[in-house]
Each structure stands twice: as structure tokens, then as C-alpha cells.
Amino acid sequence: MEDTKISIQNLNLWFGKLKILNEINIEIPEKKVTVILGPSGCGKTTLMRTMNRLVDLQGNAKISGKIMLDGEDILNTKRDITLVRQKMGLLSQRPTTLPMSIFNNVAYGLRLKGIRGRKKLWPHVEKHLIEANLWDEVKDRLNDPASRLSIGQQQRLCLARGLAVSPEIILADEPTSSLDPISASVIENQFFKLKENYTIVLVTHIMRQAKRIADYVVFMYLGDVIEQAPVDEFFNNPQHKMTREYLRGAFY
Amino acid sequence: MWWRKLEEKIIYLLMVISVASLVILLLAVLTSIFVKGAPYLSWEMVSQTPKGGYYFGREGGVLNAIVGSLYLSLGAILLSLAFSLPLSLAMNIHLRARPKIVNRIRFVLDILWGIPSIVYGAFGFTLMIYLGIKASLLAGIITVGIFIMPIMVRGMDEVMKNVPVSLIESAFSLGSTRMEVAFKVMVRQTIPGIATAILLAFGRGIGDVASVLFTTGYTDNVPTSLTQQTATLPLAVFFQLGSPIPEVQNRAYASALILTVIILVISIAVRFLSNKYYSNRH
Numbered sequence: 011m012e013d014t015k016i017s018i019q020n021l022n023l024w025f026g027k028l029k030i031l032n033e034i035n036i037e038i039p040e041k042k043v044t045v046i047l048g049p050s051g052c053g054k055t056t057l058m059r060t061m062n063r064l065v066d067l068q069g070n071a072k073i074s075g076k077i078m079l080d081g082e083d084i085l086n087t088k089r090d091i092t093l094v095r096q097k098m099g100l101l102s103q104r105p106t107t108l109p110m111s112i113f114n115n116v117a118y119g120l121r122l123k124g125i126r127g128r129k130k131l132w133p134h135v136e137k138h139l140i141e142a143n144l145w146d147e148v149k150d151r152l153n154d155p156a157s158r159l160s161i162g163q164q165q166r167l168c169l170a171r172g173l174a175v176s177p178e179i180i181l182a183d184e185p186t187s188s189l190d191p192i193s194a195s196v197i198e199n200q201f202f203k204l205k206e207n208y209t210i211v212l213v214t215h216i217m218r219q220a221k222r223i224a225d226y227v228v229f230m231y232l233g234d235v236i237e238q239a240p241v242d243e244f245f246n247n248p249q250h251k252m253t254r255e256y257l258r259g260a261f262y
Numbered sequence: 226m227w228w229r230k231l232e233e234k235i236i237y238l239l240m241v242i243s244v245a246s247l248v249i250l251l252l253a254v255l256t257s258i259f260v261k262g263a264p265y266l267s268w269e270m271v272s273q274t275p276k277g278g279y280y281f282g283r284e285g286g287v288l289n290a291i292v293g294s295l296y297l298s299l300g301a302i303l304l305s306l307a308f309s310l311p312l313s314l315a316m317n318i319h320l321r322a323r324p325k326i327v328n329r330i331r332f333v334l335d336i337l338w339g340i341p342s343i344v345y346g347a348f349g350f351t352l353m354i355y356l357g358i359k360a361s362l363l364a365g366i367i368t369v370g371i372f373i374m375p376i377m378v379r380g381m382d383e384v385m386k387n388v389p390v391s392l393i394e395s396a397f398s399l400g401s402t403r404m405e406v407a408f409k410v411m412v413r414q415t416i417p418g419i420a421t422a423i424l425l426a427f428g429r430g431i432g433d434v435a436s437v438l439f440t441t442g443y444t445d446n447v448p449t450s451l452t453q454q455t456a457t458l459p460l461a462v463f464f465q466l467g468s469p470i471p472e473v474q475n476r477a478y479a480s481a482l483i484l485t486v487i488i489l490v491i492s493i494a495v496r497f498l499s500n501k502y503y504s505n506r507h
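Those sequence lines, one after another, are chains S and R. Quick note on the numbering used here: the first sequence kicks off at 11 and runs consecutively. Quick note on the numbering used here: the second sequence kicks off at 226 and runs consecutively.
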């Protein structure tokens with residue numbers, strides 16, 4: 011198997027008394043698309059939010075286990091958590107643009123990294139907007155508020171913004187769920203290109219999307235990992251009964 | 226079906242009545258002050274301090290109170306803002322994972338909000354004695370600053386509470402520190418609300434009599450330093466209205482009109498500015 015980028019080991023998570031994640035063990039390979047598949051409420055999103063420690067913002071979360079990123083346990087790191095988060099770009103279900111111009115949305119992360127001045131920022135902003143396949147549409151209106159873009163464009167802007175902090179991993183939480191089919195396929199195609207340079211973790215409940223872009227599939231149900239396998243194996247020869255039922259569409 | 230239509234009509238009627246009565250009430254207050262005060266409003270009123278015999282109906286104006294009120298409320302706003310903005314940001318960003326504490330803070334602030342201003346006045350008076358400062362502009366600023374702080378914090382808190390979680394989270398996921406999320410995202414997002422909160426506090430601060438009754442003293446001069454006594458418009462209205470001389474009573478209405486105009490002008494200006502800022506962003 012390829013090099014492992016993230017290795018999740020015996021991860022358990024509770025919100026108060028409610029157990030959300032149960033003994034999760036997942037190996038996420040480097041520079042591949044790993045799709046976490048499962049019905050709503052199975053803990054996919056929580057798992058992803060644990061990876062970049064956004065669960066910290068929810069006070070009642072209790073976590074045990076390890077998430078190793080490049081050999082470092084990020085759940086117990088002494089390193090500044092903002093540096094860990096900068097290794098991962100997050101794309102959420104609905105695009106959330108920052109209340110500023112298109113240019114400044116992309117420049118935001120660059121400025122956090124200490125790049126100052128419009129002249130220095132310009133080439134970076136252009137590069138990442140091209141990477142997110144948005145440049146041609148916005149190059150003449152970079153100073154417009156980001157909220158004037160369409161939802162599909164906003165999601166690509168969020169992608170560009172995430173790429174600007176030069177992460178190694180892209181976490182995408184149902185990134186196409188609020189998009190029209192055309193914008194959705196633009197995002198999917200971008201993932202194809204981006205996996206040359208980035209490790210991508212994609213959460214989705216859409217099986218066909220998983221089939222289209224996954225290299226590796228993890229199937230979750232009610233806080234448990236049921237099955238994980240390379241994409242062909244997963245769809246053609248599922249080992250677990252529950253996986254077969256889900257693939258048949260027996261439950262949602 | 227008829228009763229559902231009737232229901233609809235009754236609710237609509239109630240709505241119209243309540244809106245109309247609010248507007249009428251506002252207009253009534255404004256017109257009564259205007260009618261009673263405007264004829265006695267003169268350039269002299271706003272450009273001069275009280276001369277000898279002013280309180281017997283002779284020449285002079287209330288410049289001392291106008292300037293005093295502006296100094297006082299401006300100082301109180303700045304003082305209060307220095308604590309309110311960090312507190313409301315902390316409540317909504319730094320303490321995000323501790324909702325229990327935040328709710329307790331909100332509860333305390335709501336109690337503080339409900340305390341009558343005369344109590345703050347009495348507290349300010351005690352504080353003055355304790356600190357050994359005399360009735361002065363400074364003492365007034367401290368008292369009014371404390372008095373308007375809960376109003377300001379809760380005003381800001383209320384808008385910050387409503388900022389979408391996803392926005393805060395995406396700012397965090399880009400690797401922002403809490404400080405950066407606070408000032409680069411939260412403050413930008415809520416500027417109009419922050420302005421409104423400041424304005425609300427300003428309105429309460431400039432119009433309040435009880436909190437400044439013991440703390441600012443009263444003088445016919447425009448204050449030139451923080452340690453001097455100062456007049457304020459609400460107190461000027463109070464003193465003049467209590468006079469048995471009709472000319473002085475009329476000037477009380479003129480002073481009230483000045484106070485109202487100041488509040489109106491600042492309200493409209495802030496509203497205009499924050500709307501303009503808001504529409505530039507969205």
C-alpha cells in the first residue's frame with residue numbers, strides 16, 4: 011500500500027454521554043482521494059472535524075485514541091493548533107465566504123502566514139484561483155464582495171482560500187451538496203487534478219460521487235467503521251453484509 | 226374557512242394599531258418638545274454659557290451643558306468600549322467551548338442592565354469617596370461608563386451570537402488564532418451591530434440624570450479638564466424645569482429639544498454610516 015498520511019487509531023468520541031465515534035481505525039493514503047461514505051448522522055462529519063480539531067470549539071466533546079499525521083499525534087500535540095489546522099484545508103457543506111472582497115478571501119490565509127502587501131500577494135492569489143478553476147470568472151472583479159458570487163463560485167472560492175494556506179490535506183465535507191450539478195462536477199474535476207499534490211479526504215453520502223472520484227472508500231454506519239477498501243474492491247466485492255445493503259440502496 | 230380569514234384580519238388590525246400607536250407616541254413626544262422648546266431656542270442658547278441672572282430669565286445659554294454632556298458621554302463610551310468589545314468577543318470566540326460560563330456572564334449582565342441608574346449613581350458616589358476624587362467630569366465618565374457597559378456588551382453579544390458558526394469555523398480551519406478570528410472576521414462581520422450597540426449605550430448615557438446627579442457636580446463653565454465639575458443637558462433640563470420662573474421653564478424645553486436633536490443626529494449618522502459600510506461588503 012501507499013504511504014499513509016493520516017492514521018486514525020482507536021478513536022472514540024463522546025458528546026456529553028452520547029457516543030458518536032466508536033473505535034475508529036482508518037489509514038488515509040497520501041495523495042489519493044479517500045471517501046468516507048455513509049448515511050446521515052453516522053459520524054462522518056464529526057470524524058472530519060476531529061481531524062482538524064474543530065471539535066475543540068464544542069465544549070462537551072471527549073476524545074480518546076490517536077490521530078497520527080506524519081507520525082505526530084495531533085490530538086495530544088504540544089504544537090500550536092493553528093499550525094496543525096494550516097496543514098488541512100476545509101471545504102464545508104455550504105460555502106462560507108469571509109465578509110470581505112474576493113481577493114481578500116484568498117489573501118486571508120496568506121496574510122496569516124506573514125505575506126503582506128498587495129503586490130506580493132497578487133501572484134499567490136492568482137495561482138490559487140486558477141487552481142480552483144475560478145480565475146477566469148473573477149479576474150475582472152477581484153474587489154467585489156465575495157458574497158456576490160454564485161453559490162458554486164463561492165464554493166470554488168472557498169477551495170482557493172483553503173489552498174492558499176498551502177495545506178497538505180484537503181478535508182471536504184459534502185462539498186457539492188448545496189451546488190447545482192454543473193458546479194458540482196467542476197469541484198469533482200478539480201479534486202481529480204488536486205490529488206497529484208494533495209491528500210484528499212471527502213465525506214459524502216452520494217454513492218455515485220464516491221464511485222467517480224474515490225481511490226479508497228471507508229464506509230461508516232452509526233459511529234462504526236464497517237468496511238474500508240480500495241474503490242474497485244469496495245463496489246465490486248463488498249465483504250460486509252451492511253455494505254452490500256447500503257450499496258443496494260436498502261437503507262438511507 | 227371564514228374564521229381563518231377573520232383571524233388573519235384581526236391580527237393584521239392589531240399589527241396596524243400597534244405600529245400606528247408607536248409612531249403616534251413618538252411623534253407626540255417629538256412635537257410636544259418641539260412646540261414647547263423651539264420658540265425659545267436661539268443661537269444664544271447653544272453658543273453661550275449661563276450669564277449672571279440666567280436662572281432668573283436673563284441672558285445666557287446652555288453651552289456648558291451641551292459640551293459637558295458630549296464630553297461625558299464620549300468619555301463614557303470610550304471607557305465602556307475598552308471593556309465591552311473584548312468581553313463580547315471573548316464570550317463568542319474564546320469561550321465558545323464553555324457555553325455554561327458564557328450563559329452565566331449573560332445572566333450577570335442582564336441583572337446589571339436592570340439595575341436603576343440611581344443605584345449606579347450611588348455606587349459612583351461611593352467609589353468617588355473611596356478613590357478620593359471630587360465630583361468631576363472624570364467621576365461622571367466612570368459612573369456612566371459602568372452604567373452603560375452591560376447595555377453595550379449585550380448589544381454586541383446579541384449580534385455576535387447570530388454570526389453563523391460555519392463562518393467562525395472556516396476562519397479557524399484556515400489556521401487563524403482566536404485573536405485573528407475576533408478582529409479580522411467577527412468584528413468585520415458585525416460592524417453595523419457593534420455601531421448600534423454603541424449608539425444604544427450612548428443614548429442611555431447622554432440622557433440619564435440619576436447617574437450624574439451626585440458624580441459630576443454642576444457648573445456654569447465649560448469644563449477644561451477631567452477633574453473639573455461639569456454640567457450635563459439632562460441636569461440642565463431638570464434644574465430649569467424646577468424653576469418657578471416661566472422663561473426658565475421654557476428654556477428647559479429648549480434644552481430638551483437640543484438633547485433630542487443631538488441623539489437624533491447621531492442615531493441617523495451612525496445608521497447611515499453602518500448601512501453604507503454594510504452594503505459595500507455585501
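A virtual CB, placed ideally from N, CA and C, is assigned to each residue, including glycine. Quick caveat: nothing in here was measured; it's all calculated off a predicted structure.
Does DSSP put residue i in a helix, in a strand, or in coil?
i, result
"S/Met78", "strand"
"R/Gly300", "helix"
"S/Glu33", "strand"
"R/Ser267", "coil"
"S/Tyr208", "coil"
"R/Pro389", "coil"
"S/Gly99", "strand"
"R/Phe439", "coil"
"S/Pro191", "helix"
"S/Gln238", "strand"
"S/Asn348", "Residue 348 of chain S lies beyond the range of chain S shown here (11 to 262); nothing can be said about it."
"R/His507", "The predicted position of R/His507 is uncertain, since its pLDDT is 49 and thus under 50; a value taken from the coordinates is nonetheless stated next. Three-state DSSP puts R/His507 in coil, outside helix and strand."
"R/Ile330", "helix"
"S/Met230", "strand"
"S/Pro155", "strand"
"S/Asn115", "helix"
"S/Pro39", "strand"
"R/Leu238", "helix"
"S/Ile180", "strand"
Under a CB-based cut-off of 9 Å, is residue i close to chain S?
i, result
"R/Thr402", "yes"
"R/His507", "Caution is warranted here: a pLDDT of 49 is assigned to R/His507, below 50, making its placement in the model unreliable, and no coordinate value can be reported."
"R/Ala456", "no"
"R/Glu394", "yes"
"R/Leu310", "no"
"R/Phe397", "yes"
"R/Lys501", "no"
"R/Val410", "yes"
"R/Lys386", "no"
"R/Lys325", "yes"
Would you say residue i reaches chain R, if we count a Cβ-Cβ gap shorter than 9 Å as a contact?
i, result
"S/Leu122", "yes"
"S/Tyr262", "Residue placement at S/Tyr262 is flagged as unreliable, the pLDDT there being 49, under the threshold of 50; the coordinate-derived value follows with that caveat. No, its Cβ sits nowhere closer than 9 Å to a Cβ of chain R."
"S/Leu100", "yes"
"S/Thr106", "yes"
"S/Arg95", "yes"
"S/Arg89", "no"
"S/Thr7", "Examination of residue 7 of chain S is not possible in this model, given that chain S is present from 11 through 262 alone."
"S/Val175", "yes"
"S/Gly119", "yes"
"S/Leu85", "no"
"S/Leu181", "yes"
Whose Cβ in chain R lies nearer than 7 Å to the Cβ of residue i?
i, result
"S/Gln68", "Ala322"
"S/Thr92", "Gly400, Ser401, Thr402"
"S/Leu64", "Glu394, Phe397, Ser398"
Give the interface partners of residue i over in chain S, defined as CB-CB distance under 8 Å, in chain order.
i, result
"R/Ala407", "Result: empty, since nearest Cβ-Cβ is about 13 Å, beyond 8 Å."
Under 7 Å between beta-carbons, which chain S residues line up against residue i? List them in chain order, please.
i, result
"R/Arg413", "Pro109, Met110"
"R/Ser391", "Ser102, Arg104, Thr106"
Take the Cβ of residue i as the centre, count every other Cβ of all protein chains shown within 10 Å, and call the residue buried at 16 or more, exposed below.
i, result
"S/Glu237", "buried"
"R/Val248", "exposed"
"S/Lys203", "exposed"
"S/Ile112", "buried"
"S/Lys130", "exposed"
"S/Ala170", "buried"
"R/Thr415", "buried"
Could you tell me which chain B residues have their CB closer than 8 Å to the CB of residue i, listed as they occur along the chain?
i, result
"S/Asn153", "Judged by its chain identifiers, the structure shown contains no chain B, and its protein chains are S and R."
Going along chain R in order, which residues have a C-beta closer than 9 Å to the C-beta of residue i?
i, result
"S/Arg171", "Ser395, Leu399"
- Message: Three Cβ pairs or more, each shorter than 8 Å: is that satisfied between the region 354-369 of chain R and the region 285-298 of chain R?
- Response: Yes, they touch.
- Item | Contact the region 461-476 of chain R vs the region 305-317 of chain R: 3+ CB pairs below 8 Å | Contact between the region 461-476 of chain R and the region 305-317 of chain R is absent, because fewer than three Cβ pairs lie under 8 Å.
- Three or more beta-carbon pairs under 8 Å between the region 173-192 of chain S and the region 101-118 of chain S, yes or no? The region 173-192 of chain S, when compared against the region 101-118 of chain S, does touch it at the 8 Å Cβ threshold.
- Query: Touching or not, the region 469-485 of chain R and the region 263-274 of chain R, by the rule of three or more beta carbon pairs under 8 Å?
  - Reply: The region 469-485 of chain R vs the region 263-274 of chain R: in contact.
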